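Colleague: If you're matching positions, the sequence shown starts at 141 in our numbering and goes up one per residue.
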Amino acid sequence: MAAHDDDMNRGIRPGRGSDDPAGQIAYLEQEIAVLRRKLADSPRHTRILEERIVELQTNLAGVSAQNERLANTLREARDQIVALKEEVDRLAQPPAGFGVFLTANEDGTADIFTGAANSG
141 MAAHDDDMNR GIRPGRGSDD PAGQIAYLEQ EIAVLRRKLA DSPRHTRILE ERIVELQTNL
201 AGVSAQNERL ANTLREARDQ IVALKEEVDR LAQPPAGFGV FLTANEDGTA DIFTGAANSG
């Protein structure tokens, strides 16, 4: 029967087109047997595919949940990065008022030039 299956896979159809009714009957009986085997395997194959679908749906649910967690983590990280950038920008600004040290006095004070002119 395996040789016959190989012949059928290669397109060789014994008994077809011949005038031998016995050969045609044998060929048709073998073809019926092959089709019955395929039909018998069909529910098993369907069950295997249905089990695979359930497995893939479960995996999809898990991956979707993980994806959502990662997306939330990325959003939180982005918010933290934005806050840190704002803090760095704020700290990088020059001070509102600054002066230049000129000299230290003996009494512990210092002369500092601030660029502001005294009026008066």
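Just so you know, even glycine gets a beta-carbon here, dropped at the ideal spot from N, CA and C.
Given the structure is predicted, the values throughout are model-derived calculations rather than measurements.
Applying the criterion that 16 or more other CB atoms from any shown protein chain within 10 Å of the CB defines a buried residue, is Asp181 buried or exposed?
Modeller: exposed
Colleague: With DSSP as the reference, label Ala143 as helix, strand or coil.
Modeller: Reliability of the predicted coordinates at Ala143 is poor, the pLDDT of 47 falling under 50, and the value obtained from them is presented with this limitation in mind. Correct three-state label for Ala143: helix.
Colleague: May I have the straight-line CA-CA distance separating His185 from Leu175, to the nearest angstrom?
Modeller: About 15 Å.
Colleague: Do you know offhand how far Gly163's Cα is from Glu169's?
Modeller: 10 Å
Colleague: Under 8 Å between the Cβ atoms of Gly239 and Ile252?
Modeller: yes
Colleague: Under three-state DSSP, which class holds Gly260?
Modeller: Confidence is the limiting factor: at Gly260 the pLDDT is only 46, short of 50, which leaves the residue's position unreliable, though a coordinate-based value still follows. Of the three classes helix, strand and coil, the one that applies to Gly260 here is coil, per DSSP.
Colleague: Going by DSSP in three states, Thr243 sits in which element: helix, strand or coil?
Modeller: strand
Colleague: Nearest CA to the CA of Leu242: which residue from Glu190, Thr254, Ala217?
Modeller: Residue Thr254 is the option with its Cα nearest to Leu242.
Colleague: The alpha helix (DSSP H) that contains Asp219, what's its start and end?
Modeller: 161–232
Colleague: Between the C-alpha atoms of Glu208 and Ala232, what's the straight-line distance to the nearest angstrom?
Modeller: 36 Å
Colleague: Helix, strand or coil for Phe253? Go by DSSP, reduced to three states.
Modeller: strand
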